[in-house]
Amino acid sequence: MSSWDNLLEGKVAVVTGASRGLGRADALALAEAGADVVITDILMESDEESSSKAKEYGAIAQVMQSTKVIYSEKTSEEIRDMGRRSVAMKMDVTDVDEVNDVFKKIYEDFGRIDILVNNAGTVDHVSKIEKQNDDLWERDLKVNLTGSYNCTKAVWPYMKEQEYGRIINMASIVGVNGGFGQASYSATKGGLLSFSKSMALEGAKHGINVNAIVPGIIGTEAFKMGNKKMNDRMIERTAFKQPGEPDDIANAITFLVSDKAKYITGVGLNVTGGIDLFTF
Ligand SMILES: NC(=O)c1ccc[n+]([C@@H]2O[C@H](COP(=O)([O-])OP(=O)(O)OC[C@H]3O[C@@H](n4cnc5c(N)ncnc54)[C@H](O)[C@@H]3O)[C@@H](O)[C@H]2O)c1
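Have a look at this one:
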């Protein structure tokens with residue numbers, strides 16, 4: 004029986020979209036549980052190209068870039084301070100060549116890749132279908148859904164070779180219940196749930212478990228930037244009357260990628276504070 008201490012000792016994890024928010028919290032939690040962790044994101048503090056990348060990726064990315072809410076290299080440093088190995092690498096999940104190169108480099112440098120958290124995502128607009136911007140529709144599909152597919156496909160041969168892997172896809176309660184004004188976002192998050200199930204079926208005989216996390220509303224920097232009235236209405240709909248904390252997601256992920264969850268695959272684990280429960 005493995006111990007709950009150092010649950011992920013000896014494991015190598017890669018987190019996408021880890022410059023802030025849930026990705027950063029996930030990376031720190033995995034490291035705290037003993038894993039070496041590679042931070043990846045389009046935004047790096049020291050990268051001069053980050054501002055043009057931010058422009059390309061929309062409103063939230065631009066605000067985060069201009070207000071310096073980018074902690075990719077900082078998070079990596081914090082992980083090294085815990086005594087784990089860590090690097091921060093620039094990786095756009097939509098760029099297939101870059102994704103393949105980065106995973107190859109990680110595998111060569113770290114010797115294995117045990118855990119992939121497909122966290123990178125875009126959630127920066129709400130609009131009814133008549134007003135849905137076509138470019139943002141395409142971007143959401145490219146980042147949230149195809150990005151997770153690109154990273155899964157890139158890491159798959161290494162996990163298959165090792166006969167061991169744990170993949171987490173970041174879905175959303177909106178992907179289960181739908182979301183008013185969230186056509187593109189909900190379609191990508193619903194897609195990730197069925198993608199996770201298909202990959203779970205394919206991965207089982209190779210020791211690869213694939214699960215999804217279904218967050219409700221979590222108080223990340225990005226969430227706090229949203230419309231306050233809308234946020235308050237959503238908070239009111241949770242059973243706890245408060246948003247979740249990034250660690251609530253990170254702790255669920257740490258469990259799901261550990262061997263304590265070795266018989267769990269193909270699930271979407273709700274971490275929603277009961278926002279989805281029927282109430283009147
Ligand atoms: N916060 C919530 O309430 C909530 C709820 C449900 C689901 N989620 C999901 O959790 C994930 C993280 O949410 P968050 O609140 O931390 O959001 P966030 O916007 O703060 O973080 C997203 C991260 O992804 C990165 N990113 C964007 N496009 C990228 C690309 N092409 N390649 C690589 N990285 C890219 C960003 O730079 C950022 O670091 C997202 O997938 C989001 O949809 C969040």
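Residue numbers (my numbering): 4 to 283.
Just so it is clear, CB atoms sit at the ideal spot from N, CA and C, and this is done for glycine as well.
Please read all numbers here as calculations on a predicted model, not as lab measurements.
State the DSSP-derived secondary structure class of residue i, mapped to helix, strand or coil.
i	result
A21	coil
Q185	strand
D104	helix
G271	strand
N122	coil
I220	coil
N9	coil
V146	helix
M92	strand
S201	helix
D112	helix
I211	strand
G194	helix
S130	strand
A34	helix
A16	strand
G26	helix
G277	coil
G178	helix
G229	coil
Y152	helix
I73	coil
F258	helix
G206	helix
A242	coil
Using only CA atoms, which one of the options lies nearest to residue i?
i	options	result
K77	A157, A28, V120	A28
I176	W159, K231, L25, G276	G276
L119	D100, E81, R142, P160	P160
M228	L196, S55, A62	A62
M94	R87, R88, V102	V102
T97	L195, S151, A225	S151
A21	T268, Y110, S89, R115	S89
I117	N153, S187, G182, L33	According to the sequence as given, residue 117 is Asp; it is not Ile. Of the candidates N153, S187, G182, L33, the one whose C-alpha sits nearest the C-alpha of D117 is L33.
E248	G24, W7, E205	G24
E224	V72, T43, V17	V72
S197	K208, S187, A174, A207	A174
K134	Y74, F106, F283, S187	S187
I171	I132, G206, E111, R83	G206
T43	G181, M67, S79	S79
Look up residue i in the DSSP assignment and give the residues it is bridged to.
i	result
T97	In DSSP, T97 forms no bridge with anything.
A64	None; A64 has no bridge partner.
N234	N234 is not bridged to any residue.
M173	I216
T43	M92
G247	I221
G168	I211
Check the Cβ-Cβ distances between residue i and every residue of chain B, and say whether any is below 9 Å.
i	result
Q65	Within the model displayed, chain B is absent; a lone protein chain is all it includes.
Just confirm the distance between the C-beta atoms of residue i and residue j, as a whole number of angstroms; I'd bet it's less than 8 Å.
i	j	result
R169	N121	So it is not a contact: roughly 12 Å between Cβ atoms.
G210	Y266	Not really, about 12 Å apart at Cβ, beyond 8 Å.
T268	C154	Contact doesn't hold; Cβ gap of about 18 Å is too wide.
R115	Q65	Not a contact, Cβ separation roughly 37 Å.
V158	F106	5 Å
G222	P246	4 Å
> Does the stretch 142-151 come close enough to the stretch 105-125 to have 3 or more Cβ pairs within less than 8 Å?
Replying inline: yes
> At a cut of 8 Å, does the stretch 210-224 reach the stretch 244-256 through at least three beta carbon pairs?
Replying inline: yes
> With a cut-off of 8 Å, do at least 3 Cβ pairs link the stretch 182-198 to the stretch 35-49?
Replying inline: no
>> Assess contact between the stretch 256-274 and the stretch 225-235, defined as three or more Cβ pairs (one per stretch) separated by less than 8 Å. Is contact present?
In response: no
>> Between the stretch 129-139 and the stretch 10-22, can you find at least three pairs of beta-carbon atoms closer than 8 Å?
In response: no
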